[in-house]
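For reference, the structure discussed in these notes is given below.
Numbering (my numbering), first residue to last: 37 to 379.
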């Protein structure tokens, strides 16, 4: 078998191994384990990423109706109290829902199982954290994954060209650079926009490690491409860029990823009769119930204006319904009432 074929096979193995490692070590990979209750061993798998349009179902198979479950949750990195929901037993499993959150919103949650007074906490090591995201078109997501791991494959193969006496660096280097640019700087931001509402959340705009590591790999390959024309030993630069890319791909996906700051985005807004939270959750709930968001806001505004209109009528006369620049001011044509009810 030719050396080139062996290098391609080795490149495929390295790429698949790094893809698997990245997949199972990321913060969005489900938490799984076993717990013992009532002499039986129960398996669980808790989701840590949700692209659902509505609430996220959480379940655990018990095959025992005598086992009761409670799902507790609260917003991540807040001082919120825990909200407890009783889990419903159906078809051999306990289940309950986590409320839908805005893109990049996170909830921490835990499950407590009870059977005749014996209890078990899931997960045993502490609450699981789930991040919510918007829906990404399947075609866009598949294309992004194929191109970005194609870049990894090409990067590895180009770096292994170091061991060929007659290295063909130029073509491989520019193919690698092209795949990395399209996958990381074009398709990656599109996926990010669908999922979290922003094209780029890495440096200098944020701390998203996925964006930052893509930028680092791209810079490495730009230097390797320049080395073909400017430096004496371009093979060494290509090998260095390939090693950098492998290290980058070994960093768990979504580590330090987009995260909603509830303290900055959730603000109470006075409507005259009540306080409404001005956030995406409100808009989603309004739309979910089939109401028009603009109409709901208009009605809330009317609730504020009506008390003002009544106050104006008391001061300016029953025929006056307009509201001036200052609350209670009478415009020209209005009859201001004097103390004692005379005009």
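By construction, the Cβ of each residue, glycine as well, lies at the ideal position given by its N, Cα and C atoms.
The model shown is predicted, which means the values in this text are computed figures rather than measured ones.
Spatial distance of residue i from residue j (CA atoms)
i	j	result
residue 239	residue 248	6 Å
residue 97	residue 163	19 Å
residue 384	residue 48	Given that the chain is displayed from residue 37 to residue 379, the structure contains no residue 384 and the question cannot be resolved.
residue 267	residue 185	28 Å
residue 45	residue 150	52 Å
residue 51	residue 118	42 Å
residue 111	residue 244	20 Å
residue 180	residue 226	9 Å
residue 93	residue 108	13 Å
residue 320	residue 208	Only weak support is given to the placement of residue 320: the predicted model assigns it a pLDDT of 44, under 50, and the value that follows is read from those uncertain coordinates. The alpha-carbon atoms of residue 320 and residue 208 are separated by roughly 47 Å.
residue 137	residue 85	11 Å
residue 89	residue 283	35 Å
residue 274	residue 198	8 Å
residue 206	residue 56	29 Å
residue 288	residue 183	18 Å
residue 38	residue 190	18 Å
residue 58	residue 296	23 Å
residue 246	residue 228	10 Å
residue 235	residue 178	18 Å
residue 269	residue 200	13 Å
residue 123	residue 276	53 Å
residue 103	residue 168	29 Å
residue 210	residue 172	29 Å
residue 204	residue 116	59 Å
residue 176	residue 218	12 Å
residue 81	residue 99	16 Å
Sub-9 Å separation of residue i and residue j beta-carbons
i	j	result
residue 294	residue 101	no
residue 144	residue 166	yes
residue 286	residue 252	no
residue 106	residue 120	yes
residue 142	residue 113	yes
residue 278	residue 196	yes
residue 242	residue 170	no
residue 216	residue 237	no
residue 54	residue 188	yes
residue 95	residue 231	no
Outcome for residue i when other beta-carbon atoms lying within 10 angstroms are tallied against a minimum of 16
i	result
residue 265	exposed
residue 260	buried
residue 79	exposed
residue 193	buried
residue 147	buried
residue 61	exposed
residue 126	exposed
residue 174	exposed
residue 263	buried
residue 343	Caution is warranted here: a pLDDT of 44 is assigned to residue 343, below 50, making its placement in the model unreliable, and no coordinate value can be reported.
Counterpart residues of residue i in DSSP-defined beta bridges
i	result
residue 150	104, 155
residue 96	130
residue 166	143
residue 80	69
residue 124	131
residue 86	168
residue 119	109
Assumed close pair residue i, residue j - CB separation to whole angstroms, cut-off 8 Å
i	j	result
residue 71	residue 132	Actually they are not in contact, since the Cβ atoms of residue 71 and residue 132 sit about 17 Å apart, beyond 8 Å.
residue 73	residue 154	6 Å
residue 254	residue 299	At roughly 34 Å, the Cβ-Cβ gap does not stay under 8 Å, so residue 254 and residue 299 are not in contact.
residue 91	residue 43	About 49 Å separates the two Cβ atoms, so there is no contact after all.
residue 223	residue 257	The Cβ separation is near 17 Å, so there is no contact.
residue 83	residue 66	5 Å
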